[in-house]
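Engineer: The structure's right below; bear with me while I get my questions together.
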Amino acid sequence: MANGEQFEPRIIGFFCNWCSYQAADLAGIARIKQPPNVRVIRVMCSGRVDPTFVLKAFALGADGVMIAGCHPGDCHYIEQNYKTIRRYVMLQHTLGQLGIEKARLKLVWASAAEGHILAEEITKFVQELKRLGPLNWRQNWESDEAEQQAVEAIAREHEETLEVPV
Amino acid sequence: MSESTGAAPTRSNGKPKLALYWAASCGGCEIAVLAIDEKILTVAEHFDIIFWPCVVDGKVRDVEKLPDGAIHVCLFNGGIRTSEQEYMAKLLRRKSKVLVAFGSCAHEGCIPGLANLSSRQEIFETVFRDSISTDNPQGVLPQTETEVPEGKIHLPLFYNTLKPLEAVVHVDYTLPGCPPEAENIWEALQAIVNGTLPPPGRVLGKSTTVCDECPRQRTEKKIREFKRIWEVIPDETTCLLEQGIVCSGIATRAGCGAKCPKVNSPCIGCHGPNEGVEDIGARMMTALASVIDSKDPEEVEQIITRGIPDLVGTFYRFGLAASLLRRSRLQPAGAG
């Protein structure tokens, strides 16, 4: 990101087929203004969102993840979104321990009629992530130049001393 | 082995060459190799053990002088924590036809990988300054380069992040476990000798979970409270998870014969995730989410914080370094 250039957060959204994806659709049809930062992945249910998806999104460069589903009690699959609640709690604690701000993972309930609520939550989420700045998770573990040079230095040193008479 | 000990590095007695190496690990894997008992003599009959610093005399220089691919099999245990270990991993990869990540550390970082919750600086502060048994009045920390009257001497660079073997070199096979079970080691060695190894890239062993090998009785799980292991004496026949004890058997690769659950102790996940699972912690979250008996977010929060105060330590006890996120966030200041 060049200096002065506005940071645009990359957000992965997992929206459920029956409520939240419809809400996103409705927000579009109703021309509700919202930032375009969310890449939406439609899933059959918020309960389909394996925590692996969330961790992978962060690992591959997302700045935030939004999970959206039917309101508790309204799940198309009776009670799978309660599992989402439990996973969300465990994910938040895990991310917290690893130093990822809790605000980077958001759980939203939006019924098919609540396009405006979803748009509002997305707007707030983007603002919050702009405040937090980029996550860029890979930089925490990718090997740096110092490591590469240290390995090469050993190889050089060994080459220089290899021809010692036995 | 007997007649070849002390011979020139380029000996050629016709036997395939075997190497074993030890990077960031506790040394238990070295012992585990000997747990195959007298069969180790059979191993020595079939292989020329060319490099095994823990057991036989041999120099890195000897390995460097070998032509590439000269070693038939290298069993590499331990994760990569220093530049020297990365150098050795790369060297042994080049010299070996088959490289096996041997044991949990090489496979997924294991307990040393939990130090990925700290930075190099924090680890040094704890180990060389703050711990109560440390006597270091000048507060000396390891340096990569030190001037002495005779010249400059070097120590390997200690990395911020411990990496599993696969993060630095291509690995052909993985033997899971902390340490691997003697039976599995023997089977793998036999497969190598007989040329019956599966196609490369596989974790050698079973593909299902520890639950499949666990004799405990399972019914429907509904958990309202997780208990720490010192809070209860578990009943010996019912599934431990059903009794509210966090047991990682549901997400852990089989192959140990459910050793820990059989002695009334929960599985802690040392064989890594079962086949097809990318992140063992995510698997544990998914599984536990299905058995917690509450629909109220605040109550769920209570159940989790009270029963599993350290989620990363519980879910990623052996697998943090190979998990999707690999470590905790590194502060830019700690990178120095």
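Just so you know, the protein sequences line up as chains A and B, in that order.
Note that the working numbering has the first sequence beginning at 1, numbered continuously upward.
Note that the working numbering has the second sequence beginning at 1001, numbered continuously upward.
Cβ atoms here follow ideal geometry from the backbone N, Cα and C, with glycine treated the same way.
Treat the numbers as computed from the prediction; the structure is a model and nothing was measured.
Looking only at its chain, what residues have a beta carbon closer than 8 Å to the beta carbon of K83 of chain A, apart from the 5 residues adjacent to it on each side?
Structural biologist: As a position in the first sequence, residue 83 of chain A is number 83, starting the count at 1. Within the same chain, K83 of chain A has close Cβ partners G47.
Engineer: Please list the residues of the region 96-121 of chain A that have a C-beta atom closer than 8 Å to any C-beta atom in chain B, keeping them in chain order.
Structural biologist: Correct list: Q97, L98, G99, I100.
Engineer: At which residues does the alpha helix (DSSP H) containing R1306 of chain B begin and terminate?
Structural biologist: Indexing the second sequence from 1 puts residue 1306 of chain B at position 306. 1297-1307 is the extent of the alpha helix (DSSP H) around R1306 of chain B.
Engineer: Would G1027 of chain B be called buried (16 or more neighbouring beta carbons within 10 Å of its own) or exposed?
Structural biologist: Residue numbering aside, residue 1027 of chain B sits at position 27 when the second sequence is read from its first letter. Its Cβ having fewer than 16 others within 10 Å, G1027 of chain B is exposed.
Engineer: Report yes or no: is there a C-beta of chain A within less than 9 Å of the C-beta of R1283 of chain B?
Structural biologist: Counted from its first residue, the second sequence places residue 1283 of chain B at position 283. For R1283 of chain B, the answer is yes, since a Cβ of chain A falls inside 9 Å of its Cβ.
Engineer: Unbroken beta strand (DSSP E) runs of length 3 or more, entirely within the region 1310-1335 of chain B: which are they?
Structural biologist: Runs of the beta strand (DSSP E) inside the region 1310-1335 of chain B: none found.
Engineer: Closer than 8 Å between beta carbons: that is the criterion. Which residues of the region 1087-1101 of chain B meet it against chain A?
Structural biologist: Residues Y1087, K1090.
Engineer: Quick one: which chain A residues come within Cβ less than 8 Å of L1373 of chain B?
Structural biologist: The requested residue 1373 of chain B is not part of the displayed model; chain B covers only 1001 to 1336.
Engineer: If contact means a Cβ-Cβ distance below 9 Å, which residues of the region 1132-1161 of chain B contact chain A?
Structural biologist: Here the close residues are T1144, H1154, P1156, L1157, Y1159, N1160, T1161.
Engineer: Measuring only the C-alpha atoms, how far is N17 of chain A from M44 of chain A?
Structural biologist: To locate residue 17 of chain A, count along the first sequence from 1; it is residue 17. To locate residue 44 of chain A, count along the first sequence from 1; it is residue 44. Taking the straight line from one Cα to the other gives about 5 Å.
Engineer: Chain A partners of I1292 of chain B, CB-CB under 7 Å?
Structural biologist: Taking the second sequence and counting its residues from 1, one reaches residue 1292 of chain B at position 292. Ordered by position in chain A, the residues that pass the 7 Å Cβ test against I1292 of chain B are R86.
Engineer: Quick one: Cα of C1105 of chain B to Cα of P1112 of chain B, how far?
Structural biologist: Indexing the second sequence from 1 puts residue 1105 of chain B at position 105. Indexing the second sequence from 1 puts residue 1112 of chain B at position 112. Each residue's alpha carbon lies about 7 Å from the other.
Engineer: Report the rounded CA-to-CA distance for T1174 of chain B versus V1203 of chain B, giving the unit in angstroms.
Structural biologist: Here residue 1174 of chain B refers to the residue found at position 174 of the second sequence. Here residue 1203 of chain B refers to the residue found at position 203 of the second sequence. Taking the straight line from one Cα to the other gives about 5 Å.
Engineer: Would you say M44 of chain A faces chain B, with C-beta separation under 9 Å as the test?
Structural biologist: Position 44 of the first sequence, counted from the start, is the residue given in the question as residue 44 of chain A. With 9 Å as the cut-off, M44 of chain A does not count as an interface residue toward chain B.
Engineer: Any idea if G1272 of chain B is buried or exposed, counting beta-carbon neighbours within 10 angstroms, 16 or more meaning buried?
Structural biologist: The residue you call residue 1272 of chain B lines up with position 272 of the second sequence. So G1272 of chain B counts as buried.
Engineer: Any beta carbon from chain B within less than 9 Å of H158 of chain A's own beta carbon?
Structural biologist: To locate residue 158 of chain A, count along the first sequence from 1; it is residue 158. Yes, its Cβ sits closer than 9 Å to a Cβ of chain B.
Engineer: Would you decide whether E5 of chain A is buried or exposed? Buried here means 16 or more other CB atoms lie within 10 Å of its CB.
Structural biologist: Position 5 of the first sequence holds residue 5 of chain A. Exposed is the call here.
Engineer: Given a limit of 9 Å on CB to CB distance, which residues of the region 1199-1213 of chain B reach chain A?
Structural biologist: So nothing in the stretch comes that close.
Engineer: For L95 of chain A versus L105 of chain A, is the C-beta spacing smaller than 9 Å?
Structural biologist: As a working note, residue 95 of chain A is residue 95 in the first sequence. As a working note, residue 105 of chain A is residue 105 in the first sequence. Result yes, Cβ atoms of L95 of chain A and L105 of chain A sit closer than 9 Å.
Engineer: DSSP three-state label for P1009 of chain B, please.
Structural biologist: Here residue 1009 of chain B refers to the residue found at position 9 of the second sequence. Confidence at P1009 of chain B is low in this model, with a pLDDT of 41, below 50, so its placement is unreliable and no value can be given for it.
Engineer: What distance in whole Å lies between the Cβ atoms of R1218 of chain B and C1239 of chain B, which are believed to be in contact at a cut-off of 8 Å?
Structural biologist: Locating residue 1239 of chain B in the second sequence gives position 239, where the first residue counts as 1. Locating residue 1218 of chain B in the second sequence gives position 218, where the first residue counts as 1. Sure, about 5 Å apart at Cβ, within 8 Å.
Engineer: Assuming Y88 of chain A contacts I122 of chain A under a Cβ cut-off of 8 Å, what Cβ separation, rounded to an integer in Å, is found between them?
Structural biologist: For the purposes of this step, residue 88 of chain A is taken as residue 88 along the first sequence, with counting starting at 1. For the purposes of this step, residue 122 of chain A is taken as residue 122 along the first sequence, with counting starting at 1. Their Cβ separation, rounded to whole angstroms, is 18 Å, which puts Y88 of chain A and I122 of chain A out of contact at 8 Å.
Engineer: Check the C-beta distance from D50 of chain A over to T1286 of chain B and give it rounded, since I have them as a contact under 8 Å.
Structural biologist: As a position in the first sequence, residue 50 of chain A is number 50, starting the count at 1. As a position in the second sequence, residue 1286 of chain B is number 286, starting the count at 1. Contact holds; Cβ gap of about 6 Å.
Engineer: Does R1218 of chain B come out as helix, strand or coil in the three-state DSSP assignment?
Structural biologist: For the purposes of this step, residue 1218 of chain B is identified with residue 218 of the second sequence, where counting begins at 1. It is coil, neither helix nor strand.
Engineer: Using a Cβ-Cβ cut-off of 9 Å, state whether N140 of chain A counts as contacting chain B.
Structural biologist: Locating residue 140 of chain A in the first sequence gives position 140, where the first residue counts as 1. By this cut-off, N140 of chain A is an interface position.
Engineer: For Y82 of chain A and chain B, any beta-carbon pair shorter than 9 Å?
Structural biologist: Position 82 of the first sequence, counted from the first residue, corresponds to residue 82 of chain A. With 9 Å as the cut-off, Y82 of chain A counts as an interface residue toward chain B.
Engineer: Report the neighbours of F1416 of chain B on chain A: residues whose CB is nearer than 9 Å to its CB, in chain order.
Structural biologist: Past the boundaries of the shown model lies residue 1416 of chain B; chain B is included only from 1001 to 1336, so the question cannot be answered.
Engineer: Would the beta-carbon of V1171 of chain B fall within 9 Å of that of A1070 of chain B?
Structural biologist: Against the second sequence, residue 1171 of chain B aligns to sequence position 171. Against the second sequence, residue 1070 of chain B aligns to sequence position 70. No; because the gap between Cβ atoms is not below 9 Å, this pair is not in contact.
Engineer: Leaving out five residues before and five after F7 of chain A in sequence, what residues of the same chain have Cβ atoms less than 7 Å from its Cβ?
Structural biologist: One-based indexing of the first sequence puts residue 7 of chain A at position 7. Around F7 of chain A: M1, K130, G133, P134.
Engineer: Could you spell out the range, first to last residue, of the alpha helix (DSSP H) harbouring F168 of chain A?
Structural biologist: The shown model of chain A, from 1 to 166, leaves out residue 168 of chain A, and the question about it has no answer.
Engineer: Residue range of the alpha helix (DSSP H) that A1182 of chain B falls in?
Structural biologist: As a first step, residue 1182 of chain B is located in the second sequence; it is residue number 182 there, counting from the start. 1182-1194 is the span of the alpha helix (DSSP H), which, as asked, contains A1182 of chain B.
Engineer: Note the first and the last residue of the continuous alpha helix (DSSP H) segment covering I1031 of chain B.
Structural biologist: As a first step, residue 1031 of chain B is located in the second sequence; it is residue number 31 there, counting from the start. Note, I1031 of chain B: alpha helix (DSSP H), 1028-1034.
Engineer: Quick one: list the residues of chain B neighbouring V65 of chain A, beta-carbon separation under 7 Å, in chain order.
Structural biologist: For the purposes of this step, residue 65 of chain A is taken as the residue at position 65 of the first sequence. Near V65 of chain A there are no residues of chain B at all, since even the closest Cβ is about 12 Å away, more than 7 Å.
Engineer: Roughly how many angstroms lie between the CA atoms of I1080 of chain B and Q34 of chain A, to the nearest whole one?
Structural biologist: Your numbering for residue 1080 of chain B matches position 80 in the second sequence. Your numbering for residue 34 of chain A matches position 34 in the first sequence. Cα-Cα distance, rounded: 46 Å.
Engineer: Tell me, which residues are paired with E1147 of chain B by DSSP?
Structural biologist: On the second sequence, residue 1147 of chain B is found 147 positions in, with the first residue counted as 1. Bridge partners of E1147 of chain B: B:K1152.
Engineer: Could you spell out the range, first to last residue, of the alpha helix (DSSP H) harbouring I29 of chain A?
Structural biologist: For the purposes of this step, residue 29 of chain A is taken as residue 29 along the first sequence, with counting starting at 1. Start and end: 20-29.
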